[in-house]
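Asks: I'd like to ask you about the structure that follows.
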Amino acid sequence: MGLGIGGFLEQLIGPPGGFIFLILIGLLLIYRQRRRMGLYLAGAGLLLLYLTSLPLVANAMASWLEPDTALTETVLSMTGKQPQAIVILGAGRRTRTPEYSGDTLNAFALERARYGVWLARRTLLPVLVSGGLAKQDSQPEALLMKQVIEGEYALPVRWLEVQSRNTFENARYSAEILKKAGIDTIYLVTHALHMKRSRQAFEEFGLHVIPAPTVFEGGEMRDVSLRDFLPSAKALYINAHVFHEWVGIVWYRLRYVAL
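Laid out in structure tokens, this is it:
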């Protein structure tokens, strides 16, 4: 969805903003003597805010969206059709950082870059990094990724995809580069929560994708404790990301009909 009206609407209806907005509407109705409707809305908003703040709910929602397995050493040895390249998707930047005298990768992008380097060193495959411009006078994110990967990890980056503005365009422009190089099978590196949408996009452009997810937010089911029913900022954060991914999946299916 990106920024602009789409991002605004997502924040307005998703957690936590949408639920807080619902509570405020309920309180306003109570103030205007529409007590029953106001109580319903405020109560619904409070309940939804509570549920999306629970670690138990966050674990379940993340596990539902994330791939079943990580690409461990064992899974690497069992891969069927062998990938010919590694694609690392960008995830954003920190702008005008004083310590780096300019833009640099944010924490999410660094997590993906680090795992992509780990994978490249074990497979000896060439790397493509994908990420375009945040604004016209900035460096493409792919260039920032290349600088970090080559400068801090001493790993060469073979291809840069610098045109994309979203995940769908990551796939579109990366596929163009890879197909010119005769590549049709890739390891795709992104966050586990982002993998479903990313894989769909890349497969839409004719690439065979072996998921290489990193940073799993869900986990194996364990014994439920009292702590699972206590609100957590981290749980709310995870559920907000899950909501963002489902909005993205639906949006892509509406805007890019073939998905």
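Here the sequence shown stands for residues 82 to 340, numbered as in this note's numbering. Glycine residues also receive a C-beta, built at the ideal position from the N, C-alpha and C atoms. In this text the structure is predicted, and so the values were computed from the model without any measurement.
1) Confirm, please, whether the CB-CB distance from LEU274 to ILE291 is below 9 Å.
2) Expressed to the nearest angstrom, what Euclidean distance is found between the alpha-carbon atoms of MET276 and ARG113?
3) Okay, do the segment 321–328 and the segment 163–174 touch, 3+ Cβ pairs below 8 Å being the bar?
4) First and last residue of the beta strand (DSSP E) that includes ALA166?
5) Rounded to the nearest angstrom, what separates ALA262 and ALA125 at their Cα positions?
6) Cα separation between ASP341 and ILE258?
7) Starting from ALA252, follow the beta strand (DSSP E) in both directions and report where the run begins and ends.
8) Would you tell me roughly how many angstroms separate the C-alpha atoms of GLU180 and ALA188, rounded to the nearest one?
9) Between VAL238 and GLY212, is the Cβ-Cβ spacing less than 9 Å?
10) Among the residues of its own chain, which have a CB less than 6 Å from the CB of ASN251, if the five just before and after it don't count?
11) Per the DSSP calculation, THR266 is bridged to which residue(s)?
12) Tell me whether the beta-carbon of GLU233 lies closer than 9 Å to the beta-carbon of ALA190.
Replies: On the basis of the data shown:
1) Position 210 of the sequence shown, counted from the first residue, corresponds to residue 291. Position 193 of the sequence shown, counted from the first residue, corresponds to residue 274. No, they are not a contact pair.
2) What you label residue 276 is simply residue 195 of the sequence shown in a count that begins at 1. What you label residue 113 is simply residue 32 of the sequence shown in a count that begins at 1. Looking at the backbone, the Cα of MET276 and that of ARG113 are separated by about 46 Å.
3) Below 8 Å, too few C-beta pairs join the segment 321–328 and the segment 163–174 to call them touching: fewer than three.
4) For the purposes of this step, residue 166 is taken as the residue at position 85 of the sequence shown. First-last of the beta strand (DSSP E) with ALA166: 166–170.
5) The count along the sequence shown starts at 1 and reaches residue 262 at position 181. The count along the sequence shown starts at 1 and reaches residue 125 at position 44. Computed Cα separation, rounded: 54 Å.
6) The question about residue 341 has no answer here: the residues shown for the chain are numbered 82 through 340.
7) Taking the sequence shown and counting its residues from 1, one reaches residue 252 at position 171. From DSSP, ALA252 is part of no beta strand (DSSP E) but of the alpha helix (DSSP H) over 248–261.
8) Along the sequence shown, read from residue 1 onward, the residue named residue 180 stands at position 99. Along the sequence shown, read from residue 1 onward, the residue named residue 188 stands at position 107. Computed Cα separation, rounded: 15 Å.
9) For the purposes of this step, residue 238 is taken as the residue at position 157 of the sequence shown. For the purposes of this step, residue 212 is taken as the residue at position 131 of the sequence shown. Not in contact: VAL238 and GLY212 (Cβ atoms no closer than 9 Å).
10) Indexing the sequence shown from 1 puts residue 251 at position 170. Once the five neighbours on either side are set aside, the close Cβ partners of ASN251 are LEU170, SER211, SER245.
11) By 1-based counting over the sequence shown, the position of residue 266 is 185. Its beta-bridge partners are HIS289.
12) Looking up residue 233 in the sequence shown gives position 152. Looking up residue 190 in the sequence shown gives position 109. It is not a contact, given that the beta carbons lie outside the stated cut-off.
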